[in-house]
Structures are given as C-alpha cells and as structure tokens.
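*Asks:*
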Amino acid sequence: MDTTVIIVSYKSDHLVEKNIEKFNKETKIIVVDNSQDKDLKKNIESKFKNVRVVLNRNEGFGRAANLGAKLAITKYIFFCSPDNYTEENAINNLQNISQNLNDKFGILILSDKDDFVLKKTRINNTRGISCFFVKRKTFLNLSGFDENFFLYYEDADLVKRFLKNKYEIYKVPVKYSNFSGSHNKKYNYPIEINRNWHYMWSKFYYRKKHWGYLYSFITTLPYFVRSLVKIIIYIKNPKKRDVYFARVSGLYNSYILKKPWFRPKIDYK
0 MDTTVIIVSY KSDHLVEKNI EKFNKETKII VVDNSQDKDL KKNIESKFKN VRVVLNRNEG
60 FGRAANLGAK LAITKYIFFC SPDNYTEENA INNLQNISQN LNDKFGILIL SDKDDFVLKK
120 TRINNTRGIS CFFVKRKTFL NLSGFDENFF LYYEDADLVK RFLKNKYEIY KVPVKYSNFS
180 GSHNKKYNYP IEINRNWHYM WSKFYYRKKH WGYLYSFITT LPYFVRSLVK IIIYIKNPKK
240 RDVYFARVSG LYNSYILKKP WFRPKIDYK
C-alpha cells in the first residue's frame, strides 16, 4: 500500500473508529483530531496498529489536512471525512486507476452512491469535493489547502488551482457513502453557529481571492442584508437569531479583511 488515508476529525469520536474499519489493516491512516481528544488517541492507537492519531489545535480543516499530508511518507494521500465511508478495497482500486493513467492526473474524486459514474469522467469545472485521492508531491507542490479558510470553500479553491495548473481531474467509479454529520450531535448548536459564521466568511474570501474585492462585496451583499432582516424576524427565537447573527458577523469580518477568528464554544477534553 503506497497510500496514506488522512482523516480530519472534530468531536467525531463516535464515527472515527467505524471509518477506520472500512479500510484493510495494511492501510496507513493518520487521524488529525482538532478537538485534542486524548481518549480518542489512546483508544484508536491501542486498537489499530496502522493508525496514528495527532492531537492538533483547532485552526481549521485545511491546516489540519495539510499537517496530515506533511506527516505522510507515501506516494499518494487520500482525504476522507469521518462521516464518509468508502467501499471495500477503495484504496487498491484508486491505486490501480492511477497506474492505468500512468499517474497523469491531478485528483481522483470518489462517486457518491447517489451520483455514481460507471467509468472515469473528466471534470472541467470547479466544485466542492469530499473523498479524493491525490499524489502527495503534487498536493504539496501546490501548497495544499489554502489555510486562510477555516471551514468551507477550501476544497473548491483546491480544485480551481489544480485546473488552473492544467492538472486532469477525474470522477471515478469508486463509491463512498456520506452520513451527513461528522460531529457528535450534542454539539449541534455551537457547531451550527460556527458553520454559519465561517460559511459566509469563506464565501467572501473565495470570491475575493479569485475575482477581487469589489465583485465579492457586490455578490455577497444580498446575503448580508437578508441575514439582517432575518435577525429582526427571529428576534424572539434565540437559536435562529444567533444563526443569522453569525452570518452577518462572518461577512462583516470578511468585509473588513479580518482573519476568520471565530471558534465554536466547546471545551476541549
């Protein structure tokens, strides 16, 4: 096996072990845990000899994923979220596809079970991606994920840069299933606030990065105004109000070019 699986987790202890079990015992796996869960590290590393758990300060998905890539020593790396479960022999199948392509590819994207392709299909447009396979050297040569993103749009930005640098991207007939929710449900509220804040910040930053400040400001202003209106509408519904306040705050901070400082209010173990 010349591939390392990289899983970035945050309060995902209930999913990580199930995910690891989808891979055979020869597969090298690095779990970068942004919640610094010492119990997770102890339990996983004692049970799986092929897995290394790295406790990491939460500075976003991209930075954690890049750390995993730098720690890997294999030719290929495979990124997979805790709630994305691959089909049996997925890594072997991906390595076989890469060999059939003579390694002339940028990214191999897995097929969701509801959008499965019967043969490899070239991707020519920017899109978000979940489970994907890439040559480690290529990934690092392109500086990996842009670490200015804390959450959201870092994957679309990566695809855009690969396409810009003339790398071929393929969607391949290797399946994964998404169970929609990579964190423990008891943290739903603070994580939902965090997601909305960063979704709006990243939306602006992504557009500014590729098309400039003015375009990004004009195209995101309607979201800002609608969120302000929603705050008023839900003034007596604290949970919904807080979601839209997070959206306003995320956009405002991006407008004034402030870094994505917001973090979910959850204590580390």
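Each residue of the sequence shown is one higher than the one before, starting from 0 at the first, in numbering that gives the first Met the number 0.
The C-beta atom is built at its ideal place from N, Cα and C for all residues, glycine as well.
Can you give me the C-alpha to C-alpha distance between residue 267 and residue 114, rounded to a whole angstrom?
*Replies:* Numbered from its first residue, the sequence shown carries residue 267 at position 268. Numbered from its first residue, the sequence shown carries residue 114 at position 115. With a pLDDT of only 44 at residue 267, under 50, the local geometry of the prediction cannot be trusted, and no value is derived from it.
*Asks:* State the beta-bridge partners of residue 32 as determined by DSSP.
*Replies:* Locating residue 32 in the sequence shown gives position 33, where the first residue counts as 1. Beta-bridge pairing links residue 32 to 8, 54.
*Asks:* Pull up the distance between the alpha-carbon of residue 78 and that of residue 133, whole angstroms please.
*Replies:* By one-based count along the sequence shown, residue 78 stands at place 79. By one-based count along the sequence shown, residue 133 stands at place 134. Roughly 9 angstroms between the two C-alpha positions.
*Asks:* Which residues mark the beginning and the end of the alpha helix (DSSP H) in which residue 111 is found?
*Replies:* Translated into positions along the sequence shown, residue 111 becomes position 112. Careful: residue 111 lies outside any alpha helix (DSSP H), inside the beta strand (DSSP E) at 106-111.
*Asks:* Shortest alpha-carbon distance to residue 70 belongs to which of 136, 234, 45?
*Replies:* As a position in the sequence shown, residue 70 is number 71, starting the count at 1. Answer by Cα proximity: 136.
*Asks:* Out of 118, 177, 123, 149, which has the shortest C-alpha to C-alpha gap to residue 130?
*Replies:* Taking the sequence shown and counting its residues from 1, one reaches residue 130 at position 131. That would be 177, whose Cα lies nearest to the Cα of residue 130.
*Asks:* Less than 8 angstroms between the CB atoms is what I'm expecting for residue 149 and residue 197, so what's the real figure, rounded?
*Replies:* Stepping through the sequence shown from its first residue, residue 149 is reached at position 150. Stepping through the sequence shown from its first residue, residue 197 is reached at position 198. That belief holds up - the Cβ atoms of residue 149 and residue 197 are roughly 5 angstroms apart, short of 8 angstroms.
*Asks:* Can you name, in chain order, every residue of its own chain whose Cβ lies under 7 angstroms from the Cβ of residue 151, other than the five neighbours on each side?
*Replies:* Numbered from its first residue, the sequence shown carries residue 151 at position 152. Closer than 7 angstroms at the Cβ level, and outside the excluded window around residue 151, lie 197, 198, 201.
*Asks:* Considering only residues of the same chain and omitting the five flanking positions on each side of residue 31, which have a CB-CB separation below 6 angstroms?
*Replies:* Sequence index remark: in the sequence shown, residue 31 carries index 32 (1-based). Hits under 6 angstroms: 7, 53, 55, 63, 66, 67.
*Asks:* Quick one: Cα of residue 239 to Cα of residue 83, how far?
*Replies:* To locate residue 239, count along the sequence shown from 1; it is residue 240. To locate residue 83, count along the sequence shown from 1; it is residue 84. The alpha-carbon atoms of residue 239 and residue 83 are separated by roughly 28 angstroms.
*Asks:* Do you know whose CA, among 47, 86, 102, 51, lies nearest residue 74's CA?
*Replies:* Your numbering for residue 74 matches position 75 in the sequence shown. Of the candidates 47, 86, 102, 51, the one whose C-alpha sits nearest the C-alpha of residue 74 is 102.
*Asks:* Rounded to whole angstroms, what is the Cα-Cα separation between residue 61 and residue 236?
*Replies:* Along the sequence shown, one-based indexing puts residue 61 at 62. Along the sequence shown, one-based indexing puts residue 236 at 237. Roughly 33 angstroms between the two C-alpha positions.
*Asks:* Tell me which residues share the same chain as residue 44 and place their Cβ nearer than 8 angstroms to its Cβ, disregarding the 5 neighbours each side in the sequence.
*Replies:* Sequence index remark: in the sequence shown, residue 44 carries index 45 (1-based). So the qualifying residues of the chain are 50, 51, 52.
*Asks:* Which of the three DSSP states is assigned to residue 116 in this structure?
*Replies:* The residue you call residue 116 lines up with position 117 of the sequence shown. Residue state, collapsed to three classes: coil.
*Asks:* Just the C-alpha distance for residue 23 and residue 263, rounded to the nearest angstrom, thanks.
*Replies:* Position 24 of the sequence shown, counting from 1, holds the residue named residue 23. Position 264 of the sequence shown, counting from 1, holds the residue named residue 263. Cα-Cα distance, rounded: 34 angstroms.
*Asks:* Counting Cβ pairs, one atom from each stretch, are 3 or more of them under 8 angstroms apart for the stretch 185-194 and the stretch 160-167?
*Replies:* Taking 8 angstroms as the limit for Cβ pairs, the verdict is that the stretch 160-167 does not touch the stretch 185-194.
*Asks:* Can you grab the Cα-Cα spacing for the pair residue 57 / residue 28, in whole Å?
*Replies:* For this step, residue 57 is matched to residue 58 along the sequence shown. For this step, residue 28 is matched to residue 29 along the sequence shown. Roughly 20 angstroms separates the two Cα atoms.
*Asks:* Would you kindly report the start and end of the unbroken beta strand (DSSP E) that includes residue 85?
*Replies:* Residue numbering aside, residue 85 sits at position 86 when the sequence shown is read from its first letter. Start and end: 83-85.
*Asks:* Which same chain residues end up closer than 8 angstroms to residue 72 when comparing Cβ atoms and leaving out the 5 residues on each side of it in sequence?
*Replies:* Mapped onto the sequence shown, residue 72 falls at position 73. The answer, listed in chain order, is 3.
*Asks:* I believe residue 125 touches residue 162 by the beta-carbon criterion, under 8 angstroms. Please report the beta-carbon distance rounded to the nearest angstrom.
*Replies:* For the purposes of this step, residue 125 is taken as residue 126 along the sequence shown, with counting starting at 1. For the purposes of this step, residue 162 is taken as residue 163 along the sequence shown, with counting starting at 1. Correct: roughly 7 angstroms between the Cβ atoms.
*Asks:* Rank 105, 171, 226, 174 by C-alpha distance to the C-alpha of residue 141 and give the top, closest one.
*Replies:* Counting from one through the sequence shown, the residue named residue 141 turns up at place 142. Among 105, 171, 226, 174, the Cα nearest to that of residue 141 belongs to 105.
*Asks:* Expressed to the nearest angstrom, what Euclidean distance is found between the alpha-carbon atoms of residue 173 and residue 40?
*Replies:* Residue numbering aside, residue 173 sits at position 174 when the sequence shown is read from its first letter. Residue numbering aside, residue 40 sits at position 41 when the sequence shown is read from its first letter. Approximately 29 angstroms between the Cα atoms of the pair.
*Asks:* Taking the alpha helix (DSSP H) that residue 264 belongs to, which residues open and close that run?
*Replies:* Counting from one through the sequence shown, the residue named residue 264 turns up at place 265. Where residue 264 is concerned, there is no enclosing alpha helix (DSSP H), given that its DSSP letter is neither H nor E.
*Asks:* Give the secondary structure of residue 169 by DSSP, where H, G and I count as helix, E and B as strand, and everything else as coil.
*Replies:* Reading the sequence shown from its first residue, position 170 is the one you call residue 169. Correct three-state label for residue 169: strand.
*Asks:* For residue 96 versus residue 107, is the C-beta distance shorter than 8 angstroms?
*Replies:* To locate residue 96, count along the sequence shown from 1; it is residue 97. To locate residue 107, count along the sequence shown from 1; it is residue 108. In contact: residue 96 and residue 107 (Cβ atoms closer than 8 angstroms).
*Asks:* Going by C-alpha to C-alpha distance, which of 33, 128, 25, 253 sits closest to residue 11?
*Replies:* Position 12 of the sequence shown holds residue 11. Taking only the C-alpha atoms, the option nearest residue 11 is 33.
*Asks:* Here's a check: name, in chain order, each residue in its chain whose Cβ is nearer than 7 angstroms to the Cβ of residue 92, leaving out the five neighbours to either side.
*Replies:* Along the sequence shown, one-based indexing puts residue 92 at 93. Contacts found: 173.
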